[in-house]
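Counted from 1, the sequence shown has number 209 at position 209 by UniProt numbering; the numbering is strictly sequential.
Ideal Cβ positions, reconstructed from N, Cα and C, are used throughout, including at glycine.
Worksheet: one structure, shown below.
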Amino acid sequence: MAAVEVERAKLEANLRNLKLSGHVGFDSLPDQLVNKSVQNGFVFNILCIGETGLGKSTLMDSLFNTSFESTPSPHSLPSVKLKAHTYELQESNVRLKLTIVDTVGYGDQINKEDSFKAVVDYIDAQFEAYLQEELKIKRSLSTYHDSRTHVCLYFICPTGHGLKSIDLVCMKKLDTKVNIIPIIAKADTISKTELQKFKSKIISELQNNGVHIYQFPTDDESVSDVNTSMNAHVPFAVVGSTDFVRVGNKMMRSRQYPWGTVQVENESHCDFVKLREMLIRTNMEDMREKTHCRHYELYRKKRLEQMGFSDVDSENKPVSFQQTFEAKRSVHLQELQQKEDEMRQMFVVRVKEKESELKDAEKEYFHNVSPLLNHCLQLHGKFDKLKKDHTEEKKKLEESRKKLEDDILEFNRRKSQIAQQAQHHTLTLGKSKKK
Ligand SMILES: Nc1nc2c(ncn2[C@@H]2O[C@H](COP(=O)(O)OP(=O)(O)OP(=O)(O)O)[C@@H](O)[C@H]2O)c(=O)[nH]1
Ligand SMILES: [Mg+2]
């Protein structure tokens, strides 16, 4: 026996039953509870899963005897989506915040393998939102709008041929997350004898595939008889309508055909009244409770375990939240330290690698580039020497040219001088001859 259970058994052994000698007043506790609940109002969330045009919106209008806004969906959507609408309803002094979630495009895709995914994700998202609110330090659960799905009405096509695989797959995925009530939609399209066979076929298919649908509770004496008999009528064959036909002096919700009228609220025509009775009038609170205590609890347990929390340690001894947190923290710090060491080692290795790469590059430089550079330097020296020689040569040539030019000038001067002298001599000779 675990230590906690031993402790509890000890406490119970010390309990004494006492009889009060007069009226104290705590017998008013249930009334206090009722008053408080009425003041706060109630929340109820319905998820309608069914193929496009199967009568989901019409049935909701019929169930709550009102007209919720709705637009028909096309058959061409590439994937399934969920649409939620919330309404504030009031009956006598009881306020109900009702959310109706509808599948849009369900069963319209060629590949229906993932049709259930959008639904599962939606339900999980509502659980997660509630869990996050619950885990907050400053939480306000009393004013929080609880959007967890309390019931899923699964609309079955009135084919008369049992369930489609999409129905079985989807219900199987959802049966641990939500209270499923399967209903046969548009039941006015099936004959009475066919309907009985159809119902039995659906139930046996659900059983054979291990799908757990919601059972109306039979542990409460006040409702156990009615609930037991109603459990035998599931799946309810329902008809919905937005039209009213006068029957006697009353306007009745009905569907009129050339051959007669189907009255929605007539129990010999369909199971609509049974569904309304079970869903709204008798078991609404049970569904709210099962959602919180069974389905949400399961989700919460899985999520907290995923996060690494547990009520017991590896030796099956109870551990507190703080101990788990501290253990997780030290593991985390160790991991961080290990990562830091690994990174440091990696850094050292990388630096060494880079150093050896640099050395190799240096070696290669001296091996290949340096001789080239030497050769270049030699060439450069030779070029400088040649340039110097060339300048000197040029200078010498320039001097010789200048000297030559001077010589030519001198020569020309002398030549003209001699020429003048010669002319003068000739003239002188001529004069002397004439004499
Ligand atoms: N025969 C029959 N027709 C019905 C019933 N309920 C609704 N319809 C008709 O089916 C058509 C579609 O009904 P809706 O209530 O819009 O169906 P829905 O599932 O909400 O459709 P989407 O939102 O477009 O997917 C309408 O023409 C309704 O009059 C029913 O119980 N029997
Ligand atoms: Mg609709």
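Beta carbon of residue i nearer than 7 Å to that of residue j
i: residue 120; j: residue 172; result: no
i: residue 166; j: residue 201; result: no
i: residue 296; j: residue 127; result: yes
i: residue 183; j: residue 116; result: no
i: residue 216; j: residue 238; result: no
i: residue 57; j: residue 67; result: no
i: residue 146; j: residue 43; result: yes
i: residue 148; j: residue 130; result: yes
i: residue 62; j: residue 253; result: yes
i: residue 108; j: residue 159; result: no
i: residue 59; j: residue 260; result: no
i: residue 231; j: residue 168; result: no
i: residue 188; j: residue 247; result: no
i: residue 144; j: residue 134; result: no
Residues bridged to residue i [DSSP beta-bridge criterion]
i: residue 99; result: 45, 86
i: residue 184; result: 156, 237
i: residue 81; result: 104
i: residue 91; result: 94
i: residue 223; result: Paired residues: none, contrary to the question.
i: residue 449; result: No answer is possible for residue 449: the residues shown for the chain start at 1 and end at 435.
Residue span of the beta strand (DSSP E) that contains residue i, given as start and end
i: residue 251; result: 250-257
i: residue 319; result: No beta strand (DSSP E) holds residue 319; DSSP gives it neither H nor E.
i: residue 263; result: 260-263
i: residue 246; result: 244-247
Range of the contiguous alpha helix (DSSP H) that encloses residue i
i: residue 153; result: Element bounds for residue 153: not the alpha helix (DSSP H) but the beta strand (DSSP E), 151-156.
i: residue 284; result: 284-290
i: residue 299; result: 297-306
i: residue 60; result: 56-63
i: residue 164; result: Per DSSP, residue 164 belongs to no alpha helix (DSSP H) and is neither H nor E.
i: residue 276; result: 272-276
i: residue 30; result: 29-40
i: residue 199; result: 192-208
i: residue 123; result: 115-135
Cβ separation of residue i and residue j, assumed to be a contact under 8 Å, to the nearest whole Å
i: residue 83; j: residue 105; result: Contact doesn't hold; Cβ gap of about 10 Å is too wide.
i: residue 163; j: residue 205; result: 5 Å
i: residue 199; j: residue 54; result: That pair is no contact at about 17 Å.
i: residue 180; j: residue 213; result: 5 Å
i: residue 41; j: residue 98; result: 11 Å between Cβ atoms; not a contact.
i: residue 274; j: residue 233; result: 6 Å
i: residue 89; j: residue 64; result: 7 Å
Cutoff 7 Å: residue i Cβ touching any chain C Cβ
i: residue 383; result: Note that chain C does not occur in the displayed structure, where there is just one protein chain.
**Asked** How about the segment 10-29 and the segment 72-91: do they share at least three Cβ pairs that are nearer than 8 Å?
**Response** no
**Request:** Please determine if the segment 256-271 and the segment 289-304 are in contact, where contact requires at least 3 C-beta pairs separated by less than 8 Å.
**Result:** no
**Message:** Counting beta carbon pairs with one atom in the segment 175-184 and one in the segment 222-229, are three or more of them shorter than 8 Å?
**Reply:** no
**Item:** At least three beta-carbon pairs within less than 8 Å, the segment 143-161 to the segment 48-57
**Value:** yes
**Asked** Three or more beta-carbon pairs under 8 Å between the segment 302-312 and the segment 323-332, yes or no?
**Response** yes
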